[in-house]
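Reviewing the structure listed below.
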Amino acid sequence: MQKSLHIDPNKCTGCLQCEMACSFENHGVFNISKSRIKVFNFEHAGRKVPYTCTQCAEAWCLNACPVDAIRIDAGTGAKVVHEDVCVGCKVCTIACPFGTVNYVAESGKVQKCDLCGGEPACADACPTGAITYVEADWTGLDKMRAWAGKTDTQPRAA
Amino acid sequence: MGWTKKILRVDLSNGSIKSEPLNMQWAKDYLGQRGLATKYFVEEVDPKVDPLAPENKLIMTTGPLTGTAASTGGRYSVVTKGALTNAIACSNSGGYFGAELKFAGWDMIIFEGKSAKPVYLSIEDDKVELRDASHLWGKTVFQTEETIKKSHQDPQTRVCSIGRAGENGVKYACIVNDLHRAAGRSGVGTVMGSKNLKAVAVRGTKGAGAIKDPKAFMAATKAAKKVLADNPVTGQGLPTYGTQVLMNVINEMGALPTRNHRDVQFEDARKISGEAMKEKRPTDGKTHLVTNAACFGCTIACGRISRIDETHFSVVNKPEYWGASGGLEYEAAWALGSANGVGDLEALQYANILCNEDGFDPISFGATVAAAMELYDLGILSKEQIGIEAPFGSAQALVTLAEMTAKGEGFGKELGLGSARMCAKYGRPELSMGVKGQEFPAYDSRGIQGMGLAYSTSNRGACHLRGYTVASEVLGIPVKTDPLVTEGKADLVKAFQDATAVFDSSGTCVFTTFAWSLADLQPQLDAACEGEWTMEGLATLGERIWNMERLFNNAAGFTAKDDDLPPRLKTEPAKTGPAKGLVNGIDKMRPEYYKVRGWTPEGVPTKETLARLGL
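Chains A and B, in that order, are what the protein sequence lines are. Position 95 of the first sequence, counting from 1, maps to 119 under this note's numbering, and the rest follow consecutively. Position 325 of the second sequence, counting from 1, maps to 1513 under this note's numbering, and the rest follow consecutively.
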């Protein structure tokens, strides 16, 4: 069963624990400038939105890579950058429609979310449940449940 | 290790910028942030210095947990000699600025001297430079932050700045970061303005990496986060209602200062409460509250983001105020609201936005308006002098006076003095409700006796954040004590003051202490910081910081008579509520407190006390 990151911006408070967890998991430091998940703050609307790779089934980045450095992890379905193969050409960053593959000047390679091998650190660190790791086929289940709850199935009192 | 072990020293007089190694012996004795920066400050600055003189210094400082995954680990503080108080000042702020400073590789910045012309400091990791800020002078905090981010072409730059209040010498000017978080009290923004320093912009890409034992640290922070999540205050009350969860509670206690402390309960408290912020408005069917918000690393998220009613008289034809913005927090809601008898939530939010926008402390501002309204009520100030009729309860007056203070116009200049100087000027010093020149926060000490002692002895003037015995006296944290008696409060106040000094020096938020004790903080510090950090060591460290601050104030000229409350709280009994008939028993508690502290009856730490603390 494939799982997917599920993001509910309404629950996000902007604490950036996800960004710290991501950078710590992948770089061994608390450094949000190296995080693969980013929280965007739309101040005047009062909205905070976490955003990262959604692991497209037919991934633009993977198809664009000239050296096949981006490959599918059979276990998680994640599109994973193999740093030893990546030549840092950045074509994938152009190909990705969502901007979620990013170049890291320090290493000369690109990085993107790899779902931490099936245990995403961001979801684990999120204190409000804004980021969860759920069954990929049912990312909409919570929304369905919320709307289902509004369906009036009680017989009306006369 | 937690620290970056590097500090920046910026001489604004000659423009020199130096990197220095952090004094690690001091770090072991004073931890970080409040304690460590105050150590630097008292070693380098003459206690008698005029706060606005170039010889005063201003330190922006992080703690060892700032920028880490510890919950609330995003705090920074500003340490200086306060323009409002002439006492040691340490104002703490959340948002994202502190963590970014750490990520850039700096534990603190020491500003010295005074620039000849307006400047701002730009930090991009190791690249640090003073830049011309003449185009920013006269601009608000909001405009300054936006302009700098645009000119740096980097939306991830974090900015702290002063608004026009700090430029104009308003005695309680703040330093505001991330639009609506502030190092708010004691006039730290006034000092920044006196140095012609408009802003600090920082971008850090190094991160906070040097954790002593990463595995133990992650385990400790995870356990501590669970304590916050499972606690009814930090897990439910604060996220749901913010600090405004207190408005109705404190009003019921008969401890909500109202109309310049003439009353202790406010008939319209409910209208300006956290509950009211979640109710749909009749005008537009929307709630005032848009969402809650967290500072960096915070798993509590008490911050409020609200949207003002576009049809409210204060913002008609002012679309720039219609977007979501910070507020209201309990202190602002009280000071702008019940302190003045104003029960108009939207008017409070507008005044609060002005405080953020031009950088002035809503507590001191609101309380100064309250004093002005009393002077007006007594016929000492006239409509002509103030520029508007200013009876208690007038939302129009509040809003107009906030605009005047923001712009530095008309009677706003008088309000900018703070209540102590303003009331003295008009011959009624006793009507200033504060201690050491700083206005009281939102708890009337007739209904919560321990707070009278906490206010009187607070090293930065009247303050709830230096020893929040409300936790014990009202909420039963860690144990319930009777708010109406003085017995045992000396010990209680000392315990809160010392523990708080440790939290303020760690990089975490004092609001965690609704759920955490030192026992929850200690494992996080011990896993992050090199050396050994025991409970006993931390308790002593907190007491050391408190006494160090006290010594500075004593040398600055403060004496036991400054550890006192205004006559109103000692002679005019509470009129209603559970404390009806009571005054504050400060004169009974103070000698007990000095004894508990190991101080002389004159409030001076004894030789034995200083030796015990290594001072």
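C-beta: ideal position from N, C-alpha, C; glycine also.
Neighbours of residue 1478 of chain B in chain A, taken as residues at a C-beta separation under 9 Å, are given in chain order as 69, 70 and 71.
Look at the region 39 to 69 of chain A: the residues with a C-beta under 8 Å from a C-beta of chain B are 39, 40, 41, 44, 45, 47, 48, 51, 52, 53, 54, 55, 56, 57, 58, 67, 68 and 69. Taking CB atoms only, residue 1628 of chain B has no neighbour in chain A less than 9 Å away. Pairing residue 1448 of chain B with residue 1550 of chain B, the inter-Cα distance amounts to about 14 Å. For a Cβ distance threshold of 7 Å, nothing in chain B lies close to residue 76 of chain A: the least Cβ distance comes to about 16 Å. When DSSP reads this structure, residue 74 of chain A sits in a beta bridge with A/63. Look at residue 1766 of chain B here: in three-state DSSP terms it is coil, with no helix or strand label.
For residue 151 of chain A, the chain B residues whose Cβ falls inside 9 Å of its Cβ are 1259, 1413, 1416, 1417, 1482, 1486, 1487, 1488 and 1489, in order along the chain.
For the region 1668 to 1695 of chain B, the beta-carbon criterion of a distance under 8 Å to any beta-carbon of chain A is satisfied by none of its residues. Pairing residue 1517 of chain B with residue 1491 of chain B, the inter-Cα distance amounts to about 7 Å.
Residue-level contact check: residue 1580 of chain B does not touch chain A, since none of the beta carbons of chain A fall below 9 Å from its beta carbon. With fewer than 16 other beta carbons inside 10 angstroms of its own, residue 1204 of chain B counts as exposed. Nearest in C-alpha terms to residue 1776 of chain B, of all of B/1210, B/1795 and B/1751, is B/1751. Taking a cut-off of 8 Å for Cβ pairs, the region 115 to 127 of chain A and the region 1449 to 1459 of chain B do not touch, as fewer than three such pairs fall below it.
At a cut-off of 9 Å between beta carbons, residue 1474 of chain B makes no contact with chain A. With the rule of 3 Cβ pairs closer than 8 Å, the region 1692 to 1705 of chain B counts as touching the region 1255 to 1265 of chain B. Contact of residue 37 of chain A with chain B by beta-carbon distance below 7 Å involves 1480, 1481, 1482 and 1489. The C-alpha of residue 1339 of chain B is placed about 48 Å away from the C-alpha of residue 1665 of chain B. It is roughly 26 Å from the alpha-carbon of residue 1482 of chain B to the alpha-carbon of residue 1507 of chain B. Excluding sequence positions up to five before and after residue 1559 of chain B, its CB lies within less than 8 Å of the CB of 1448, 1607, 1610, 1611, 1619, 1620 and 1621, all in the same chain and listed in chain order. For the 9 Å CB-CB criterion, residue 1660 of chain B and residue 1638 of chain B form a contact. Judged by beta-carbon spacing, residue 1318 of chain B lies within the 9 Å limit of residue 1198 of chain B, meaning their Cβ atoms are closer than that value.
Sequence-ordered contacts of the region 1503 to 1517 of chain B with chain A read 1511 and 1512 [C-beta pairs closer than 7 Å]. Under the Cβ distance rule, residue 1349 of chain B does not count among the residues neighbouring chain A, no pair being separated by less than 9 Å. The residue among B/1580, B/1563, B/1391 and B/1457 with its C-alpha nearest the C-alpha of residue 1573 of chain B is B/1563. Of the residues B/1201, B/1202, B/1231 and B/1200, the one whose Cα lies closest to the Cα of residue 1211 of chain B is B/1231.
Linking residue 1435 of chain B to residue 1443 of chain B through their CA atoms gives a straight-line distance of about 10 Å. Contact between residue 1363 of chain B and residue 1376 of chain B holds: CB atoms are separated by about 6 Å, below the 8 Å threshold.
Residue pairing by DSSP places residue 1265 of chain B opposite B/1249 and B/1280 in a beta bridge. Taking CB atoms only, residue 34 of chain A has a neighbour in chain B less than 9 Å away. Within the region 1379 to 1398 of chain B, those residues whose Cβ lies closer than 9 Å to any Cβ of chain A are, in chain order, 1391, 1392, 1393, 1394, 1395, 1396, 1397 and 1398.
Judged by pairs of C-beta atoms under 8 Å, the region 1245 to 1257 of chain B touches the region 1269 to 1288 of chain B, as three or more such pairs exist. Each residue's CA atom was taken as its position, placing residue 1445 of chain B and residue 1800 of chain B some 39 Å apart. Taking residue 1615 of chain B as the centre and dropping the five residues before and after it, the same chain places the C-beta of 1568 closer than 8 Å to its C-beta, in chain order. Looking at the DSSP output, residue 1391 of chain B shares a beta bridge with B/1312. Residue B/1290 holds the alpha-carbon nearest to the alpha-carbon of residue 1312 of chain B among B/1290, B/1329, B/1576 and B/1498.
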